[in-house]
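Enquirer: For the sequence shown, the numbering used here assigns the number 2 to the initial residue and increments by one for each residue that follows.
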Amino acid sequence: MSLTNIVLVLAGTATALMAGLFYAWSCSVNLGLAKLSDEGYLTAMQEINRAILNPVFFVGFFGALVLLPLSAYLHYGQPVQVKFWLLVVAALCYIVGTFGVTVFGNVPLNNALDVFELKSATEEAMRLQRSGFEATWNSLNTIRAVAATMAIVLVIIACLYPDGAQTSN
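(1) How should C94 be labelled, buried or exposed, when 16 other C-beta atoms within 10 angstroms of its C-beta is the threshold for buried?
(2) Write down the C-beta distance between L71 and V8 rounded to the nearest angstrom, noting that I regard them as a contact closer than 8 Å.
(3) Taking all protein chains shown into account, decide if V102 is buried (16 or more other Cβ within 10 angstroms of its Cβ) or exposed.
(4) The alpha helix (DSSP H) that contains Y24, what's its start and end?
(5) Comparing alpha-carbon positions, which option in C28, A17 and M151 lies nearest V89?
(6) Can you list, in chain order, the residues of its chain whose CB lies under 6 Å from that of T143, leaving out five sequence neighbours each side?
(7) Of all the options N112, W138 and L37, which has the alpha carbon lying nearest to the alpha carbon of R51?
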C-alpha cells in the first residue's frame, strides 16, 4: 500500500471516529443528561469535559485535522483529479465545522462551566448556568456531528472514486 493510501485510510479512520463520537453524543448522551437535575447535569458535564482531554481523544481529534489536508495534498497532481477536490472539501468541513466549532464554541463554554463553583452555588445559580450552557452546547455539538459526518462521507466517496478521474476544464 502506498503512503498516499495509508494517509487516506488513517484520515478516514480518524474522521469516522470523531463523527461517531459527536453523533453518539447527540443521539444518546445528551438525551440522558437532559433528564438530570441541574446540579447533576452540571457535575456530569464538568467531569466529562475534564475526562475527554486525554491522548486517545487527541489522536482522533487532531489526527483528522492534520491527516485530511495531508491526504488532499498527496492527491494533488496535474491534471487535478476529483479525489483531490473531494478531500479538500472534506478537510474544510472538518477544519471549520468540527475543529473550528469546537475551539471557538464548545471549548469556551466548557471553560466557563469548569470554573463554576457547584458546591457554593444556589439552585437558581445552577439553573441559570445550565440554561446558558446546555442548548447552545448541544446545538454546537450537532454542527460538529454533521460536519464530521459530511467529511467522512466525502472521504468514502473519494476512496470509491476511480483513480485518474479528472475534473472537467
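The C-beta atom is built at its ideal place from N, Cα and C for all residues, glycine as well. Just so we're clear, the structure is a prediction, and the values are computed from it rather than from any experiment.
Expert: Straight from the coordinates:
(1) buried
(2) 6 Å
(3) buried
(4) L4 to A25
(5) M151
(6) Cβ within range, chain order: S27.
(7) N112
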